[in-house]
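Visitor: Before we start, here is the structure in question, set down as structure tokens.
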Amino acid sequence: MRDIMYKQTDSIRVSLPDWLQRYDLPTQMPVNDMEAAMSLAIHLSELNVRHRTGGPFGALVLNLNHGQLISAAVNCVEAQCCSSAHAEIMALSLAQQRMGQWNLAETQYSPLTLITSCEPCAMCLGAIPWSGVSQIVCGATKADAESAGFDEGARPNAWKEALLERGIDVVTEVCRAPAAKVLQEYAESGQTIYNP
Numbered sequence: 003m004r005d006i007m008y009k010q011t012d013s014i015r016v017s018l019p020d021w022l023q024r025y026d027l028p029t030q031m032p033v034n035d036m037e038a039a040m041s042l043a044i045h046l047s048e049l050n051v052r053h054r055t056g057g058p059f060g061a062l063v064l065n066l067n068h069g070q071l072i073s074a075a076v077n078c079v080e081a082q083c084c085s086s087a088h089a090e091i092m093a094l095s096l097a098q099q100r101m102g103q104w105n106l107a108e109t110q111y112s113p114l115t116l117i118t119s120c121e122p123c124a125m126c127l128g129a130i131p132w133s134g135v136s137q138i139v140c141g142a143t144k145a146d147a148e149s150a151g152f153d154e155g156a157r158p159n160a161w162k163e164a165l166l167e168r169g170i171d172v173v174t175e176v177c178r179a180p181a182a183k184v185l186q187e188y189a190e191s192g193q194t195i196y197n198p
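For the sequence shown, the residue numbers in the numbering used here are 3 to 198.
What follows is the structure, encoded as structure tokens:
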């Protein structure tokens, strides 16, 4: 085993793939169109698989009422050597940085929605209530992710009710079939199914 010299650093940097940084994302999405927003999240997840830059997950933060896109991200776990670099965490973090506010409910763009190509794993579920989003819209299900081989963690069965109690609306299975297809294609591609 190689010795690793400890060196204190004062920052953490986790970047999106180069292709996504160059991608021509729309600033305006169709108003109140969950399926259009989900289609973009799924498309980004497909591109992430095609470019071999991370897992088959994509996420957006936007104001659905006005169609204003705030951030878009994909899973960057392997490429960034960071187990928390899930698409949802990346999208939420980017939105918070762009807004200059950790609580997205306190921005001028509120209320904001998290669009995610798959239901949240245990970690991402934990981040959602503290992010300030007022809604989460999901594509594929936990069962779809687990069928592809991913470990989604110990997520409570009543996770939707728990978010609703906190004032966060939950919509699931939007464009489920195409979102689940990306998971299966990833599993069949031989790319890493990263589980602890």
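We put the beta carbon where it would ideally sit given N, CA and C, even for glycine.
Nearest by alpha-carbon distance to P19: which of G69, N77 and Q30 is it?
Guide: N77
Visitor: Pair every Cβ in the region 159–166 with every Cβ in the region 103–112, then say whether three or more of these pairs are closer than 8 Å.
Guide: no
Visitor: Taking the straight line between their C-alpha atoms, what separation do you get for D153 and M125?
Guide: Cα to Cα, D153 sits roughly 11 Å from M125.
Visitor: Determine the direct distance from the alpha carbon of T194 to that of E121, and round the result to whole angstroms.
Guide: 20 Å
Visitor: Using a Cβ distance threshold of 8 Å, determine whether the region 40–55 contacts the region 144–152, with at least three qualifying pairs required.
Guide: no
Visitor: Using the C-alpha atoms, what's the distance from N34 back to A176?
Guide: It is Val, not Ala, that sits at residue 176 in the sequence shown. Answer to the nearest angstrom: the Cα atoms are 13 Å apart.
Visitor: Write down the C-beta distance between A93 and L116 rounded to the nearest angstrom, noting that I regard them as a contact closer than 8 Å.
Guide: 7 Å
Visitor: According to DSSP, is S41 part of a helix, a strand, or is it coil?
Guide: helix
Visitor: If you check the beta carbons only, do R178 and G141 fall under 8 Å apart?
Guide: Going by beta carbons, R178 and G141 fall inside the 8 Å limit.
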